[in-house]
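J.: Just so it is clear: in the sequence shown, position 48 is 1492 by my numbering, and no numbers are missing.
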Amino acid sequence: MPNSRRTRTSPIVGIVGTALIAVFLVACSAQVSDDKAGQSVAPSTPGVEFTSELDHLHGLHINADGTVLAGTHRGLFAIGDSGDTVRVGDSDDDLMGLAGTTGSDTLFSSGHPGPSSSAANPLGLRTSSDGGRTWTDSSLAGQVDFHSLATDGKTLVGFDGVSGVKVSMDQGMSWESGAAVGAASLALTDSGAWAVTSSGVQYSNDNARTFTDVPGAPSLVLIAGASDALWGVDQDGFAWRSREGKDWEKRANVGAVEALTAASYDRAYAATSQSLYALN
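Structure below.
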């Protein structure tokens, strides 16, 4: 018998407000300096601490009203201006993948059903048109758990955790096999697809069917894209930004974050299960 769902009324928190804006202004004023050896030293960036710790993050998204949403092992949460976290909708699914275009309430997710769900395991791809309040099955239910997802609003790329990258050109209704690479993190920009692999940052201009190394890229563990902008966090916790993989610029030290999203070349967010960091 299907488990009954718990009914919860949890309005999404409004635009990230005063406390986060203050952090963003601090980040805006921070500049990369040089140490005595002439090496660039990125300043540490303060974060907004959550009032209640989240259960491991697998993705961030900025919705239509500017609220930062976090995909976790226990569902989707909105992050408020003082670090308060509020569940979005009533789903407690384990969101292993979360993607959307900045400023949109259309979201894509993947993972495993939560305790209150009777959905197929794994979830395949699910879609929400209302900022994550409700979800519908799109494709691959019972077949795929996307460990990483990225979208530009039309194209979707996802790593299935087993055989490689899958590509959809119709918002996740149908899929084709892409490159047989393990992608710890994926991004889409105007010029193509980007992946963090065991060989480093790689780039594809053929809809993720083949990837090549990106010369000069830092050793990233997370990557995110928006328009022509790329943001990344390296293995030492430093945040970087670039336009289409060129002239990488070290920006700040955020430490070992779990999720990253890019709004533009001038703005990004990174987070752990305890804090949110605004980057510029």
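Glycine included, C-beta positions come from ideal geometry on N, C-alpha and C.
Treat the numbers as computed from the prediction; the structure is a model and nothing was measured.
Decide if the stretch 1692-1706 is in contact with the stretch 1612-1628; the criterion is three or more beta carbon pairs, one per stretch, under 8 Å apart.
T.: no
J.: Does the CB of Leu1674 have a neighbour CB from chain D at under 9 Å?
T.: The chain inventory of the structure shown lacks chain D, comprising one protein chain alone.
J.: Alpha carbon to alpha carbon, what distance is there between Tyr1721 and Val1658?
T.: 27 Å
J.: Could you tell me the distance, in whole angstroms, from the CA atom of Gly1503 to the CA atom of Thr1516?
T.: 7 Å
J.: Kindly list the residues whose CB is nearer than 6 Å to the CB of Gly1586, restricted to its own chain and excluding five residues on each side of it in sequence; keep chain order.
T.: A distance below 6 Å between beta-carbons, with the five flanking residues on each side excluded, links Gly1586 to the following residues of its chain, in chain order: Ala1564.
J.: Please name the residue, chosen from Val1645, Gln1615, Leu1664 and Ala1661, that lies closest to Phe1655 on a Cα-to-Cα basis.
T.: Val1645
J.: Does the distance from the CB of Arg1653 to the CB of Leu1674 come in under 9 Å?
T.: no
J.: Quick one: residues in its chain with C-beta nearer than 6 Å to the C-beta of Leu1567, no 5 flanking neighbours on either side, listed in chain order?
T.: Ser1554 and Gly1555
J.: According to the Cβ coordinates, are Ala1703 and Ala1714 closer than 9 Å?
T.: Contact: yes.
J.: Between Thr1529 and Ile1523, what straight-line distance do the alpha-carbon atoms span, to the nearest angstrom?
T.: The straight-line gap from Cα to Cα measures roughly 5 Å.
J.: Check whether the Cβ atoms of Thr1571 and Thr1550 sit closer than 9 Å, and answer yes or no.
T.: yes
J.: In the DSSP assignment, what are the bridge partners of Phe1603?
T.: Ser1592 and Val1609
J.: In the DSSP assignment, find the beta strand (DSSP E) that holds Phe1494 and state where it starts and stops.
T.: From DSSP, Phe1494 is part of no beta strand (DSSP E); its letter is neither H nor E.
J.: Assuming Ala1627 and Phe1590 make a contact with CB atoms under 8 Å, what is their CB distance in whole Å?
T.: Contact between Ala1627 and Phe1590 is ruled out by a C-beta separation of about 10 Å, above the 8 Å threshold.
J.: Which residues in the same chain as Val1512 place their Cβ atom closer than 7 Å to its Cβ, once the five residues preceding and following it in sequence are excluded?
T.: Val1460, Leu1504, Ile1506, Ile1523, Tyr1713 and Leu1720
J.: State the DSSP-derived secondary structure class of Thr1716, mapped to helix, strand or coil.
T.: coil
J.: Using the three-state DSSP reduction, which class does Leu1723 fall into: helix, strand or coil?
T.: If DSSP states are grouped into helix, strand and coil, Leu1723 belongs with the strands.
J.: On a Cα-Cα basis, can you pick out the residue from Gly1676, Arg1518, Val1611 and Gly1597 that is closest to Leu1539?
T.: Arg1518
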